[in-house]
């Protein structure tokens, strides 16, 4: 690769770390780092006084590793299938504005550009691998952490390479219509075989569920470990095998195929040079126009995205609470980015289950409970990671935001509400479908009608409080630590950003746990005090917890409003 | 209308703006000029409430920007050199958004003529990504003018505009001033400043170098009499020495 590109990666990395360290001179950042390290040590690194182990406890992680070694390839199958069949992660091919402006017109081959992109991802991937091993070290057996890091690094790099290769092929398919689409036919064929073999395994094991869930799961794992599924899943399992190896010999044995796959991917991506060049020729025309427009500071509409969907809008009265305008703007983002549609899928799925499983109340009840629970948990924890229609996007427009005639707390409240309200509504809708579906099944017979009605009536307050808290945490992180949070409509993505996402999730979980202490205590106290009338007790407990959560949120929003009024453009970057 | 007293902004030990004072009355257009890094943008951002002054006060229409920021901002429009627009709002929706924030009850009646004035009428359903740089700048200007501000602060307002757009923009600024709006205009285009501004504030290294009408400035610096505004500017900011030094070397 070109020496200038090595220089760029090395100097950028060095300066990035230098500025991160310099940022620690600010008390806010240094205190946060110390608290974060203490939390990290307490959870993952502090010495544990384990109980004496029995004869079967020689390697406490062995069982976990065995199950994960079989189940984890399925996740990779799903990820790669999504990448191939639905266009996948479009950021895989993304270059920054500076890179586009400086590197694309430079006399560099496309191969050099791809090599640069790969090189730049290596350090973040290594950091992610180390972080992952530290986080999972208590459940990952006795293999040396260093070997585990190497295994994880090989796996993550291979997945990253695969993602890039898929993006290159998909880019060609998009650019060249039917001719390009033929190039993805092979991928479709491969995934048809993989999913077919998985379906065969599940079908052959489904009878075992008559003996209970444990028997069923054991049968599924056994079927996945036997042909034809084991053959179809071999490449996916081979990439993961070093990560889940239980001993050094197993690790060495697994590394061979994993490294071969890695090398094949490197060869594949670099060989894609010609295809990338083909699509880059057309992209460079658009780029040249854009650069020309920038240089000349003048018109010429370039890189026009589709305005499909813009016709649908929401009404907004010109007079009324001004902060509502921010919520309105952010709801339009939800509509036009397709996020709103995605949020409604679980409720729609619930309705489909109601129809399809009508007459099978046992299965229906289990499925609906799983759907409702998974939707609530996923939207609560992961929703705010992707629904970024709040300060995380708008801080990039700080110049505009700060000139608006609004108090800081009004801006923060509107931004938090923009994410929390739709998320809570989607959860409530799904829960409502689940409750309606479960009502009348044997599972519901165990529940008191009073409890269900009390919960349904008071749940909106609780869901609003819970979602308000999680969105508030994310907004607070962006506002207080803009140097540590990726701002913009799309958060940090890709394999190389997994470490950052994991750290964010840890902070959110900790803050959420702390924020729930008082509301949970209030809810419990109300339930205990009113337990004579079950309906009232449940409604009061749920609503009380929601009100306390809401009050906490509002107090924090008032504080963050002050922080918003003090934040200056150079702090945001 | 705009009253600035001893405005100071420090970043650590660096003083970006050092105790400057000026005022702009209704109908006046103040040209804020100075070399790159002189403190113009910092001054404008402090006026718009984007950054907090380290010392001194800024009053907009009688409202202290620090004590009553909302009141001050309601009377003000700040148009930065780089338009900040939301990718998911159309041209028309940007104006509706602004209308709600500033409680413009007759927004629907105003939006059409304003878009017509800025030649954006046929792009009212377009997203910012579908607009050229100049059109985006026009939209940012439309957003600033929709609520009929009493004070208008413009940072390089002609950036990205074509010649016809520049002429229309000059007319728009002049018309607003005639209607009684207090205008502050920062630009490196000294011909624009000379054409539109009723007085000048020349800033260098964060300090006031000259302030007043051109006649006032010449009176304070008689050696500048008869020279062009460009020469006066270069001389007062010390830029002419740099240039003549470079000429001598070449």
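Protein chains in written order, with the working numbering: chain P, 1 to 573; chain D, 1 to 250. Note that beta-carbon positions come from the ideal geometry of N, C-alpha and C, so glycine has one too.
Just the Cα atoms here: how many angstroms apart are residue 127/P and residue 152/P?
Residue 127/P sits at position 127 when you count from the first residue of the first chain. Residue 152/P sits at position 152 when you count from the first residue of the first chain. Using only the alpha carbons, I get a separation of about 11 Å.
Determine, for residue 386/P, whether the minimum Cβ-Cβ distance to residues of chain D falls below 9 Å.
For the purposes of this step, residue 386/P is taken as the residue at position 386 of the first chain. It does not; no Cβ of chain D falls within 9 Å.
Which chain B residues are close to residue 201/D, counting only those with a beta carbon under 8 Å from its beta carbon?
No chain B appears in the structure shown, which is made up of the protein chains P and D.
Does residue 397/P get closer than 9 Å to chain D when you measure Cβ to Cβ?
Along the first chain, one-based indexing puts residue 397/P at 397. Chain D contact via Cβ: present.
Between residue 360/P and chain D, is any beta-carbon pair separated by less than 9 Å?
Counting from one through the first chain, the residue named residue 360/P turns up at place 360. Answer no: the Cβ-Cβ gap between residue 360/P and chain D never drops below 9 Å.
If you draw a straight line from the alpha carbon of residue 116/P to that of residue 156/P, how long is it in whole angstroms?
On the first chain, residue 116/P is found 116 positions in, with the first residue counted as 1. On the first chain, residue 156/P is found 156 positions in, with the first residue counted as 1. The alpha-carbon atoms of residue 116/P and residue 156/P are separated by roughly 17 Å.
Which chain D residues are close to residue 324/P, counting only those with a beta carbon under 8 Å from its beta carbon?
Here residue 324/P corresponds to residue number 324 of the first chain, with the count starting at 1. Chain D residues near residue 324/P: 100.
Using a Cβ-Cβ distance under 9 Å, would residue 569/P count as near chain D?
Mapped onto the first chain, residue 569/P falls at position 569. Yes, contact with chain D.
Could you name the residues that DSSP lists as bridge partners for residue 59/D?
Within the second chain, the letter at position 59 stands for residue 59/D. Partner(s): 3/D, 64/D.
Have a look at 368/P, 475/P, 542/P, 458/P and flag the residue whose alpha-carbon is nearest the alpha-carbon of residue 393/P.
Here residue 393/P corresponds to residue number 393 of the first chain, with the count starting at 1. Closest option to residue 393/P, Cα to Cα, is 475/P.
Can you check whether the CB of residue 429/P is closer than 9 Å to the CB of residue 347/P?
Within the first chain, the letter at position 347 stands for residue 347/P. Within the first chain, the letter at position 429 stands for residue 429/P. Yes, the pair counts as a contact, with Cβ atoms nearer than the cut-off.
Three or more C-beta pairs closer than 8 Å, one from the region 153–161 of chain D and one from the region 73–81 of chain D: is that the case here?
Verdict: yes, contact present.
Using C-beta distances below 8 Å, list every residue in its chain close to residue 6/D, excluding the 5 sequence neighbours before and after it, in chain order.
By one-based count along the second chain, residue 6/D stands at place 6. 19, 20, 21, 55, 56, 57, listed in sequence order.
Figure out for me which residue from 121/D, 195/D, 117/D has the closest Cα to the Cα of residue 172/D.
Position 172 of the second chain holds residue 172/D. Checked all of 121/D, 195/D, 117/D; the closest Cα to residue 172/D is 117/D.
Does residue 154/D come out as helix, strand or coil in the three-state DSSP assignment?
Here residue 154/D corresponds to residue number 154 of the second chain, with the count starting at 1. Strand, per DSSP.
Distance check for residue 460/P and residue 391/P, CA to CA, integer angstroms please.
Taking the first residue of the first chain as position 1, residue 391/P is located at position 391. Taking the first residue of the first chain as position 1, residue 460/P is located at position 460. Between residue 391/P and residue 460/P, the C-alpha separation is close to 24 Å.
Show which residues of chain D have a CB atom less than 7 Å away from the CB atom of residue 313/P.
Residue 313/P sits at position 313 when you count from the first residue of the first chain. Within 7 Å Cβ-Cβ: 93.
Going by beta-carbon coordinates alone, are residue 345/P and residue 239/P separated by less than 9 Å?
What you label residue 345/P is simply residue 345 of the first chain in a count that begins at 1. What you label residue 239/P is simply residue 239 of the first chain in a count that begins at 1. In this structure, residue 239/P does not lie closer than 9 Å to residue 345/P by Cβ.
Only counting runs of 4 or more residues, tell me where the alpha helix (DSSP H) segments fall wholly within the region 392–432 of chain P, in order along the chain.
DSSP runs (the alpha helix (DSSP H)) wholly in the region 392–432 of chain P: 398–401.
Do you know how far the Cα of residue 230/D is from the Cα of residue 125/D?
Numbered from its first residue, the second chain carries residue 125/D at position 125. Numbered from its first residue, the second chain carries residue 230/D at position 230. About 42 Å.
Under a three-way DSSP split, which group does residue 208/D fall into?
By one-based count along the second chain, residue 208/D stands at place 208. Residue 208/D: strand per DSSP, three-state reduction.
Go to residue 125/P, then tell me how far its beta strand (DSSP E) extends in each direction, as first and last residue.
Looking up residue 125/P in the first chain gives position 125. Not the beta strand (DSSP E): residue 125/P falls in the alpha helix (DSSP H), residues 110–136.
Pull up the CB-CB distance for residue 48/D and residue 205/D, whole angstroms please, since I reckon it's below 8 Å.
Reading the second chain from its first residue, position 48 is the one you call residue 48/D. Reading the second chain from its first residue, position 205 is the one you call residue 205/D. Between residue 205/D and residue 48/D the Cβ distance is about 22 Å, and since that is not below 8 Å, they are no contact.
Report the neighbours of residue 89/D on chain P: residues whose CB is nearer than 7 Å to its CB, in chain order.
For this step, residue 89/D is matched to residue 89 along the second chain. By Cβ distance, chain P contributes 329, 332.
Restricting to Cα atoms, I'd like to know which of 411/P, 387/P, 379/P is closest to residue 323/P.
To locate residue 323/P, count along the first chain from 1; it is residue 323. The candidate whose alpha carbon is nearest that of residue 323/P is 411/P.
Taking the alpha helix (DSSP H) that residue 31/D falls in, what are its first and last residues?
Here residue 31/D corresponds to residue number 31 of the second chain, with the count starting at 1. First-last for residue 31/D: 29–33, but that is the beta strand (DSSP E), not the alpha helix (DSSP H).
Just tell me which of 46/D, 29/D, 158/D has its CA closest to the CA of residue 174/D.
Against the second chain, residue 174/D aligns to sequence position 174. Checking every option, the nearest Cα to that of residue 174/D belongs to 29/D.
Keeping to the same chain, check which residues put their C-beta closer than 6 Å to that of residue 220/P; ignore five residues upstream and five downstream.
Residue mapping note: residue 220/P aligns to position 220 of the first chain, counting from 1. The answer, listed in chain order, is 205.
Restricting to Cα atoms, I'd like to know which of 376/P, 418/P, 477/P, 403/P is closest to residue 432/P.
As a working note, residue 432/P is residue 432 in the first chain. Out of 376/P, 418/P, 477/P, 403/P, 376/P has the C-alpha closest to the C-alpha of residue 432/P.
Which class does residue 6/P belong to by DSSP, given the choice of helix, strand or coil?
Here residue 6/P refers to the residue found at position 6 when the first chain is read from its first residue. In the structure shown, residue 6/P sits in a helix (DSSP, three-state: H, G or I).
Could you tell me whether any Cβ in chain P is nearer than 9 Å to the Cβ of residue 18/D?
Counted from its first residue, the second chain places residue 18/D at position 18. With 9 Å as the cut-off, residue 18/D does not count as an interface residue toward chain P.
Given that residue 19/P touches chain D, what residues does it touch there, using C-beta distances under 7 Å?
On the first chain, residue 19/P is found 19 positions in, with the first residue counted as 1. Chain D residues near residue 19/P: none, gap ~15 Å exceeds 7 Å.
Shortest alpha-carbon distance to residue 587/P belongs to which of 43/P, 382/P, 109/P, 254/P?
Given a span of 1 to 573 for chain P in the structure shown, any question on residue 587/P remains unanswerable.
Return the chain-ordered list of same chain residues with a C-beta closer than 6 Å to the C-beta of residue 251/D, the five sequence neighbours on each side being excluded.
No information on residue 251/D is available, as it lies outside the stretch 1 to 250 that chain D covers here.
Count Cβ pairs between the region 539–547 of chain P and the region 510–528 of chain P that sit closer than 8 Å; are there 3 or more?
Yes, they touch.
Taking Cβ-Cβ distances shorter than 7 Å, what residues in chain D pair up with residue 402/P?
For this step, residue 402/P is matched to residue 402 along the first chain. The answer, in chain order, is 49, 50.
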